[in-house]
Amino acid sequence: MAPRGWGCWRWAAQPRARLLSPAAAPLGFRQLLSTVELVPHICVVGSGPAGFYTAQHLLKHHPQARVDIYEKQVVPFGLVRFGVAPDHPEVKNVINTFTQTAHSTRCAFRGNVTVGRDVSVSELRDAYHAVVLSYGAEDHRTLGIPGEELPGVLSARAFVGWYNGLPENHKLTPNLNCDTALILGQGNVALDVARILLTPIELLEKTDITADALRVLRQSQVKRVWIVGRRGPLQVAFTIKELREMIHLPRSQALLDPADFEGLEDLIKEAPRPRKRLTELLVQTALKPPKGEKADGKAEAPRAWGLRFLRSPLKVLPSPDGGRVAGIRLAVMKLEGSGENAQAVPTGAVEDVPCGLVWWFKSPSGVIATTMNDGFLTGQVLLQDLEEGVLPIGPKPGYSSIEPLLKNRGVQPVSFEDWEKLDAEEVAQGQAAGKPREKLVDPQQMLQLIGH
Ligand SMILES: Cc1cc2nc3c(=O)[nH]c(=O)nc-3n(C[C@H](O)[C@H](O)[C@H](O)COP(=O)(O)OP(=O)(O)OC[C@H]3O[C@@H](n4cnc5c(N)ncnc54)[C@H](O)[C@@H]3O)c2cc1C
Ligand SMILES: *[C@@H]1O[C@H](CO)[C@@H](O)[C@H](O)[C@H]1NC(C)=O
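Structure follows, in structure tokens:
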């Protein structure tokens, strides 16, 4: 049986080669190779959901495959840990599945290793049969309008990283000493940010939001949050669950201009069901606000959030002393076309909105569930390639050849057992503070706990 493909290796339950004498004829020798070295070494870059779902599929469907997951952060799980909002703990349950995967004896987590800096992709390609790049999508670094360098202008991603304990955003400490914040973007991340700003502090205290963020949010003066979109109410990108959470936020009221919503119900008769239900809820909230007791004191609510449509940022306006943001100039847009594909074009009119904080979010869309399908598919294609002999045939050293490289370069990889020490400490500290966990953010403290 020539080792043309990986099929025979994959299904070989026993290393039959052990029965062969090393001095056997050439055919026997080839067979020895094909059966002794039947272990495919696969490298996954990034330990977010895409990386973990790919690893899960590979380990499940190939009885010998070994998977190393490289991660630039000290800790695993990517945006499940550093993106998903602290008041959505149920979304983070996927971590249990990822932990099971990491516990496989054929899987290893190699944290604190930045691919492209500490080790190159070509070095990984030499060491492994296949390298899967699942390192997520970096945020755009800039908003691209004048005034964006002013204090008080932040990327939503950095703000999210800050309240979620991402070490590189640890020192962000936004100044919440203003009454109005404005968020550019009308997706779920925008609503996450608005919700975190407006949620009563006693509710946030029960989440895994960092102690540092709690301290700043406790002093927050922010009373109003505008959520601004380039297009109209039929093009918003957030989903109904997140909208409902906004509508039900305690001690906050919705500021929706009825004129934005009149007549919308007629336009969505043919729309897909999710868009229809979302729009119905928006229309109902804008046009039929609860009256009397049901209003639940909302009209006197101390805080508010609102949606502004057909507005595109032109310029951040400075305070008189030029020291921070005082407002934003927005271009008034109109729609060309309709439905999901409608394009926003400038009308020529502008509007200035006073605000002490501006956030923006530009990043590819997608949710954890999409990464599951993509990860499983990637795993499947990779196994097919192995089977069909498309990938390198013959032995590969895997981590044993990368380890000395990292060592020479002074890189200290963190294992999954190391992470579990940090995890235990976070849970213990959290329990003491009455929350699910207190995320560690200080790299030095992490280093000490791991005992490197
Ligand atoms: C603020 C925010 C909130 C979200 N909330 C939700 C939600 O509630 N529900 C939901 O379903 N989805 C949510 N999402 C979307 C979800 O987080 C993503 O779809 C998902 O995390 C993408 O998975 P990924 O593995 O592709 O990327 P990531 O989760 O980004 O993982 C990529 C990993 O690769 C690592 N990496 C990057 N570069 C390197 C390198 N050079 N070397 C080694 N490692 C590297 C990163 O550190 C990271 O750990 C949210 C996204 C954001 C931004
Ligand atoms: C991570 O690696 C760097 C070197 O790249 C090292 O200085 C640091 O101590 C390591 N962190 C941990 C927690 O091991």
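With mature numbering (1 follows the signal peptide of the UniProt record, and there is no 0) applied, the sequence shown corresponds to residues -21 to -1, 1 to 431, in that order.
All C-beta atoms in this analysis are idealised placements derived from N, C-alpha and C, irrespective of residue type, glycine included.
Presumed contact (8 Å Cβ cut-off) between residue i and residue j, rounded CB distance
i	j	result
Pro125	Val262	With a Cβ gap of about 36 Å, Pro125 and Val262 do not count as contacting.
Glu399	Gln408	Their Cβ separation, rounded to whole angstroms, is 15 Å, which puts Glu399 and Gln408 out of contact at 8 Å.
Arg89	Pro392	5 Å
Val59	Ile381	About 26 Å; that fails the 8 Å criterion.
Val337	Val304	6 Å
Gly27	Gly115	5 Å
Leu30	Ala160	According to the sequence displayed, residue 30 carries Gly and not Leu. At roughly 34 Å, the Cβ-Cβ gap does not stay under 8 Å, so Gly30 and Ala160 are not in contact.
Gly358	Thr33	5 Å
Ala106	Leu370	Wrong, their Cβ atoms sit about 13 Å apart, outside the cutoff.
Leu309	Arg210	Not confirmed; about 13 Å, so no contact.
Phe56	Val168	Actually they do not touch by this definition, with Cβ atoms about 18 Å apart.
Top-ranked residue by Cα proximity to residue i, from the options
i	options	result
Glu244	Gly208, Gln232, Glu147, Leu260	Leu260
Asp187	Thr159, Gly144, Leu151	Gly144
Thr84	Asp47, Pro65, Val311, Val53	Asp47
Val332	Gly354, His82, Ser298, Ile347	Ser298
Gln424	Pro281, Arg203, Pro146	Pro146
Gly306	Asp239, Glu241, Pro292, Arg282	Pro292
Asp353	Thr121, Arg120, Gln35, Cys22	Gln35
Gln427	Gln232, Thr121, Val53, Pro42	Val53
Val329	Gly318, Leu289, Glu315, Phe355	Leu289
Leu286	Leu228, Val195, Val215	Val215
Leu122	Ser113, Arg136, Lys414	Arg136
Asp158	Leu384, Lys185, Arg203, Gly62	Arg203
Thr152	Pro19, Trp284, Phe240, Leu196	Leu196
Leu234	Ala192, Pro253, Ala280	Ala280
Ala362	Glu224, Thr350, Asn154, Val111	In the sequence as displayed, the identity of residue 362 is Leu instead of Ala. The residue with the shortest Cα to Cα distance from Leu362 is Val111.
Ile226	Arg174, Ala190, Leu182	Arg174
His40	Pro376, Leu365, Ser379, Leu419	Leu365
Asn156	Asn148, Pro130, Tyr378, Val98	Pro130
Gly345	Thr218, Pro55, Gln410, Lys185	Thr218
Arg45	Pro268, Arg282, Pro383, Cys86	Cys86
Glu117	Val73, Ser199, Gly25, Asn72	Gly25
Range covered by the beta strand (DSSP E) that runs through residue i
i	result
Asp331	322 to 333
Asp47	45 to 49
Glu315	304 to 315
Thr159	159 to 163
Pro237	Taken as a continuous stretch (DSSP letters only), Pro237 belongs to no beta strand (DSSP E), being part of the alpha helix (DSSP H) at 237 to 240.
Pro292	290 to 297
Ser231	231 to 234
Ala283	282 to 287
Leu370	Neither: Leu370 is in no beta strand (DSSP E) and is coded neither H nor E.
Ile21	20 to 24
Leu336	336 to 339
Residue i: CB within 7 Å of a non-hydrogen atom of ligand 2
i	result
Pro383	no
Gln424	no
Asn91	yes
Gly30	no
Gly389	yes
Ile48	no
Asp429	The identity of residue 429 in the sequence shown is Ile, whereas the question assumes Asp. Yes - ligand 2 has a heavy atom lying nearer than 7 Å to the Cβ of Ile429.
Residue i CB to nearest heavy atom of ligand 1 below 7 Å
i	result
Gln52	yes
Asn167	yes
Ala348	yes
Ala109	no
Val332	no
Ala64	yes
Gly306	no
Gly27	yes
Ser379	no
Asp171	yes
Ile113	The sequence given here places Ser at residue 113; Ile does not occur at that position. Yes, since a heavy atom of ligand 1 falls inside the 7 Å radius drawn around the Cβ of Ser113.
Val59	yes
Val24	yes
Residue interval of the alpha helix (DSSP H) (run including residue i)
i	result
Gly354	347 to 366
Ile206	No alpha helix (DSSP H) holds Ile206; the beta strand (DSSP E) holding it covers 203 to 207.
Val195	190 to 197
His40	28 to 40
Val172	167 to 177
Ile429	422 to 429
Asn143	First-last for Asn143: undefined, no H or E at that position.
Arg220	Note that residue 220 is Lys in the sequence shown, not Arg. Its alpha helix (DSSP H) spans residues 219 to 226.
Gln408	395 to 412
Ala265	252 to 266
Residue i Cβ short of 7 Å to ligand 3 heavy atom set
i	result
Val393	Looking at this structure, you won't find ligand 3 anywhere; what it does contain is ligand 1 and ligand 2.
C-beta neighbour in chain C for residue i, strict 8 Å
i	result
Val369	Among the chains in the structure shown there is no chain C, since it carries only a single protein chain.
Give the list of continuous beta strand (DSSP E) stretches no shorter than 3 residues that lie fully inside the region 66 to 141. 86 to 89, 109 to 112, 132 to 134
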